[in-house]
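As given, the protein sequences belong to chains A and B, one line each in that order. Count along the first sequence starting at 1, add 1071, and that's the number in my numbering. Count along the second sequence starting at 1, add 4, and that's the number in my numbering. C-beta: ideal position from N, C-alpha, C; glycine also. Encoded as structure tokens, the structure appears first; notes follow it.
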Amino acid sequence: MNISIYCFLIVSALMLAIGIYGFLTRRNTLAILISVELILNAADLNFAAFNRLLFPAGQEGYFFTLFSVAISAAETAIAIAVMINIYRNLKNNFVENLDSMKW
Amino acid sequence: MASTIIFYCLAAIILICALLAVTTKRIMRAATYLLFVLFGTAGLYFLMGYTFLGAVQVMVYAGGVVVLYIFALMLTGRKDVKDNEKASIAKKMAAVCASLGAAAILLFVMLTHKFINDGGLLSAPAEPTGEQATSITQIGQMMVDAGHNGYLLPFEAVSVLLLACIVGGLLIARKR
Chain A
1072 MNISIYCFLI
1082 VSALMLAIGI
1092 YGFLTRRNTL
1102 AILISVELIL
1112 NAADLNFAAF
1122 NRLLFPAGQE
1132 GYFFTLFSVA
1142 ISAAETAIAI
1152 AVMINIYRNL
1162 KNNFVENLDS
1172 MKW
Chain B
5 MASTIIFYCL
15 AAIILICALL
25 AVTTKRIMRA
35 ATYLLFVLFG
45 TAGLYFLMGY
55 TFLGAVQVMV
65 YAGGVVVLYI
75 FALMLTGRKD
85 VKDNEKASIA
95 KKMAAVCASL
105 GAAAILLFVM
115 LTHKFINDGG
125 LLSAPAEPTG
135 EQATSITQIG
145 QMMVDAGHNG
155 YLLPFEAVSV
165 LLLACIVGGL
175 LIARKR
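Take a look at the structure:
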């Protein structure tokens, strides 16, 4: 068995491209957030793969991925709080309705 | 050999579910497909021998973040406003061009770059051995170590960030 680093890089690059596509086409803010999670996940996979396959003696990529997971969980919690607040004010979650910062 | 087959299965699951997550009309299904993508990524971490990272991925992402999504979807869903996810053809074409261009540039740079030790092969046994091994004990000690190899500062910064996140989330989502 020999899995090259290129295999991991191709998977994460395609995941990032799919996330970008979703980010540009979705209209619901929650669906956009799901696309953002895909992009973040691709970056995490890259960090872990670089650490494991190029510098197996180090732990930098490992810890970067660990902290990245924690930070993306925090980001999701805040974003969902904002979206629930938006829903309370506008009664829907579509981005084209979010054209003013007024209450 | 077995790990190669497992890798290709996981890669196929990840890519197909990611594609379905951004193209499906219903958001609840998109969240479910995202769950499968995150499980597949955890599987790749397990395959690399990073078992703790895979466990964190399953617990925090699959167990925490996706549940949060589901609850937010149920809180903001309405019967009379349907999931009108239809984007115009021109917008879809532009998005396809943008994402394909991004993928092409990334793949070109990555595949033509010469990595050290030829990109390295993930060879059997998948579990790193000797001084490369990252045991739970070692992770815990490095997490609270203020020395050269330690990650005490980011650890404390993340704890402050999570506290700020709790307070901010309550402040934003509370009823006025």
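- Contact with chain B is absent for residue 1107 (chain A), since none of that chain's Cβ atoms lies less than 7 angstroms from the residue's Cβ.
- At a Cβ-Cβ threshold of 7 angstroms, residue 1105 (chain A) and residue 34 (chain B) count as neighbours.
- For residue 169 (chain B), a Cβ of chain A is located within less than 7 angstroms of the residue's own Cβ.
- Excluding the 5 residues flanking it on each side, residue 49 (chain B) has same chain C-beta neighbours closer than 8 angstroms at 55, 57, 58, 61, in chain order.
- Of the candidates B:68, B:36, B:108, B:65, the residue whose Cα lies closest to the Cα of residue 1083 (chain A) is B:108.
- Residue 43 (chain B) carries a helical assignment under DSSP once its states are collapsed to helix, strand and coil.
- Under the Cβ criterion of 7 angstroms, residue 45 (chain B) is counted among the residues facing chain A.
- For the options B:5, B:168, B:106, B:21, the alpha carbon positioned closest to that of residue 43 (chain B) is the one of B:21.
- Counting the other Cβ atoms within 10 Å of the Cβ of residue 80 (chain B) gives 16 or more, which makes it buried.
- In terms of beta-carbon proximity, residue 1160 (chain A) stays away from the interface with chain B, with every pair separated by 7 angstroms or more.
- Against residue 55 (chain B), chain A offers no close residue; the least beta-carbon distance is about 11 angstroms (beta-carbon pairs closer than 7 angstroms).
- Put simply, of A:1143, A:1135, A:1124 the residue whose alpha carbon is nearest the alpha carbon of residue 68 (chain B) is A:1143.
- Within a 10 Å sphere around the beta-carbon of residue 1154 (chain A) sit 16 or more other beta-carbons, which makes this residue buried.
- Using a Cβ-Cβ cut-off of 7 angstroms, residue 35 (chain B) is close to 1105 of chain A, given in chain order.
- Contact check for residue 169 (chain B) and residue 1148 (chain A): beta-carbon distance about 6 angstroms, within the 8 angstroms limit, so the pair qualifies.
- Residue 176 (chain B) belongs to the set of residues whose beta carbon lies under 7 angstroms from a beta carbon in chain A.
- Under the 7 angstroms criterion on CB atoms, residue 96 (chain B) is classed as interfacial with respect to chain A.
- For the 7 angstroms CB-CB criterion, residue 106 (chain B) and residue 1096 (chain A) do not form a contact.
- Contact annotation: in the segment 138-169 of chain B, residues whose CB is within less than 7 angstroms of a CB in chain A are 138, 146, 155, 158, 162, 165, 166, 169.
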